[in-house]
């Protein structure tokens, strides 16, 4: 009788462990994004122009360098920041000045942002500046998109094509 | 101070839970006593089931999900069960590891020389999580998609990647098959590194228990098989990067921090992870321990018998070349960084006998702050206080049932504290009974198989049963020795056992004659 009670007790303990493992391995469900909404992701990795132009070295500067280091031009490594703006239905959704990456500031500027939006028709305008101009932007793309619930719309920038890619 | 309160609270909680589990399993098979080895056992289940899954798994974007579905649905009787075992055993590792950490913390098994074992547990935690998370990624279902995106977003916060990793998961075309090959490699390599760190984790332990008792292992395996059959692990629909994995069934064992990314920034998640890890790693020194002095060797009394080396549970004693020129090849050497001051080595020393009167009671190995001479003085002082027809001396481990209250309420019982029950040389029991210091000896120790110093109750039991050197002399009447193996919270059980023992002795007053006869 005592042995049977012990076995029942062991079964109860194993069942409790199994219940904990079985339940918490997949529940409770987590709502990562509202199921009735859509998502826009703005992401690109793009290097702006170099900060300042190349400069020809003087004869004295060249002479001061080791023979194998004598290149006629000195070009700065550091890049300018990238300025990006995203408007949705005429309202600003995102504004950022993205600094270059890398210890020397010579890497690409990068962004990865997600925005939860209502499904339906939307006007999207996205602008980017990667030069040292004070006004305006170097790239601008407008699009009208129709989003459905749970859709993942990506806005990327293609430097080779010279435009934003919306997909 | 706050940490002490948390420890005391947890200790009480674990004590009560262990008492309940003892009733079902007995103290030898109590799962709480074997959490570490159960973790190892689950690791092997994960490894074996993983080998089969790897054979069938297809490392391509399109076919990864399909191959797992084949296992789960069409081959449910083998592949499906093994997949479920793989998942539930992995979850079990997290569960048992968490309880293991909490229990070792509650029982203060992390301070002093034990810091190394505790500290090397932190990378085990990280590697276990890395193993599990990469595993969830491989299934390439909705949950995998969520895990991939959130993991890469968290990693991208670190300023070490040129291109955001998350860009690999922007659109279905962003991902290629090579990425899955990389993931498979990581999911195999990380657990192998985990195994290496587990080995390092045990380096400072003598005779580490890496296999749980067979009955417990069989029960655990049966439980996991039953769970795999009743509630098989399933996928959550194929991943589709063109849509948002809005609602996912999360594995809360491996992914509890992931929802935080939606509440805070990735920096906040990293802050929690790093601060939590740092806190965990400095716990052995919070606050700094004013440790007693480690065991020391007295060469005049050390004949190099190696018993202390054999019995030390932490590899703190080894044999080295003899330094005093006496005609013994080797002598015991104590590594103070490994010594936990448990005194088991003193209990093992053949020169540690209280019968010595011609010279000072200095054994070959001794604890300077809890010396054998002081123990003999304490035993004699306690014996002198005892009155009545059945005088009981309780020799109590610091980590067994609380014995401090015994002296106050009983004239016939007194307690002498020990750092571990095996710190008591068996000859002390002979001394107490043959010299009439008391009529009975209670050995109050930790619960069976759960000694604070790992092997104390095991070695002491073997010494008394004359199975391990130094033996208790045959002349000592075993009926005058009583074991009480209890939790610190079970002081009442100790008092009850002492009273019952005293009543037995009072009912059988001829024990002294028995002792005389055996001695003769």
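Residue numbers (my numbering), protein chains in the order written: chain A, 550 to 716; chain C, 20 to 539.
Here a beta-carbon is modelled for each residue, glycine too, at the ideal position from N, C-alpha and C.
What residues from chain C crowd round residue i, counting only those whose CB sits closer than 9 Å?
i	result
residue 650(A)	178, 180, 181
residue 567(A)	107, 242, 243, 245, 246, 249, 250
residue 643(A)	Near residue 643(A) there are no residues of chain C at all, since even the closest Cβ is about 15 Å away, more than 9 Å.
residue 700(A)	261, 262, 263
Which residues in the same chain as residue i place their Cβ atom closer than 7 Å to its Cβ, once the five residues preceding and following it in sequence are excluded?
i	result
residue 86(C)	75, 76, 77
residue 119(C)	54, 55, 58
residue 202(C)	153, 156, 157
residue 488(C)	326
residue 692(A)	673, 715
residue 380(C)	373, 391, 392, 395
Under 9 Å between beta-carbons, which chain A residues line up against residue i? List them in chain order, please.
i	result
residue 165(C)	579, 581
residue 268(C)	574, 575, 576, 577, 578, 579
Below 7 Å, is the gap between the Cβ of residue i and the nearest heavy atom of the ligand GTP?
i	result
residue 575(A)	In the structure on display, the ligand GTP does not appear, and there are no ligands present to speak of.
By the three-class DSSP mapping on this structure, what secondary structure does residue i have?
i	result
residue 590(A)	strand
residue 532(C)	Confidence at residue 532(C) is low in this model, with a pLDDT of 43, below 50, so the placement of that residue is unreliable and no value is reported for it.
residue 273(C)	coil
residue 33(C)	helix
residue 337(C)	strand
residue 228(C)	coil
residue 156(C)	helix
residue 537(C)	Low local confidence applies: a pLDDT of 41 at residue 537(C) is under 50, so the model's placement there is unreliable, with the coordinate-based value given in what follows. Helix.
residue 257(C)	strand
residue 206(C)	helix
residue 669(A)	strand
residue 521(C)	helix
residue 691(A)	strand
residue 396(C)	helix
residue 467(C)	coil
residue 28(C)	helix
residue 705(A)	strand
residue 302(C)	helix
Residues of chain A with CB under 7 Å from residue i, in chain order?
i	result
residue 553(C)	In the structure displayed, chain C extends from 20 to 539; residue 553(C) sits before or after that span and is not available.
residue 281(C)	581
Relative to the C-alpha of residue i, which candidate in the options has its C-alpha closest?
i	options	result
residue 420(C)	438(C), 410(C), 409(C)	438(C)
residue 624(A)	617(A), 603(A), 654(A)	603(A)
residue 556(A)	238(C), 415(C), 397(C)	238(C)
residue 484(C)	468(C), 502(C), 473(C), 471(C)	502(C)
residue 327(C)	177(C), 509(C), 37(C), 478(C)	478(C)
residue 635(A)	667(A), 677(A), 563(A), 607(A)	677(A)
residue 115(C)	570(A), 644(A), 642(A)	570(A)
residue 234(C)	391(C), 56(C), 491(C)	56(C)
residue 688(A)	714(A), 670(A), 695(A)	714(A)
residue 650(A)	631(A), 585(A), 637(A), 705(A)	631(A)
residue 514(C)	490(C), 500(C), 411(C), 474(C)	411(C)
residue 321(C)	407(C), 336(C), 448(C)	336(C)
residue 83(C)	395(C), 227(C), 258(C), 216(C)	258(C)
residue 690(A)	706(A), 616(A), 700(A)	706(A)
residue 21(C)	517(C), 302(C), 174(C)	302(C)
residue 659(A)	121(C), 181(C), 89(C), 125(C)	181(C)
residue 517(C)	508(C), 409(C), 347(C)	409(C)
residue 418(C)	440(C), 397(C), 399(C)	440(C)
residue 231(C)	383(C), 223(C), 240(C)	240(C)
residue 471(C)	159(C), 527(C), 130(C)	130(C)
For residue i, which residues in chain A fall below 8 Å Cβ to Cβ?
i	result
residue 110(C)	570, 573, 574
residue 238(C)	559, 563
Take residue i and list the residues in its own chain whose beta-carbon comes closer than 6 Å to its own, dropping the five residues that flank it on each side.
i	result
residue 110(C)	272
residue 311(C)	360, 388
residue 473(C)	332
residue 404(C)	433
residue 532(C)	With a pLDDT of only 43 at residue 532(C), under 50, the local geometry of the prediction cannot be trusted, and the value read off the model is given with reservation. Contacts found: none.
residue 670(A)	695
Using a cut-off of 8 Å between C-beta atoms, extract the partners of residue i located in chain C.
i	result
residue 661(A)	172, 175, 183, 185, 186
Could you tell me which chain C residues have their CB closer than 7 Å to the CB of residue i, listed as they occur along the chain?
i	result
residue 684(A)	Per Cβ cutoff of 7 Å: no residues; residue 684(A) is ~29 Å from chain C at best.
residue 703(A)	189, 190
residue 656(A)	181
Going along the chain, which residues of its own chain have a beta-carbon closer than 8 Å to the beta-carbon of residue i, five neighbours each way excluded?
i	result
residue 700(A)	587, 588, 668
residue 702(A)	587, 588, 589, 590, 694, 696, 715, 716
Does the region 106 to 121 of chain C come within contact of the region 63 to 71 of chain C, defined as at least 3 CB pairs closer than 8 Å?
-> Taking a cut-off of 8 Å for Cβ pairs, the region 106 to 121 of chain C and the region 63 to 71 of chain C touch, as three or more such pairs fall below it.
With contact counted as at least three CB pairs below 8 Å, one residue from each stretch, are the region 584 to 596 of chain A and the region 608 to 618 of chain A in contact?
-> no
Does the region 149 to 168 of chain C touch the region 257 to 277 of chain C, meaning 3 or more C-beta pairs lie closer than 8 Å?
-> yes
Meets three-Cβ-pair contact criterion under 8 Å: the region 85 to 100 of chain C and the region 238 to 253 of chain C = yes
Between the region 217 to 228 of chain C and the region 131 to 148 of chain C, do three or more beta carbon pairs fall short of 8 Å?
-> yes
Decide if the region 337 to 356 of chain C is in contact with the region 282 to 291 of chain C; the criterion is three or more beta carbon pairs, one per stretch, under 8 Å apart.
-> Verdict: no, contact absent.
Count the CB pairs spanning the region 198 to 215 of chain C and the region 32 to 44 of chain C that are closer than 8 Å, and state whether there are at least three.
-> no
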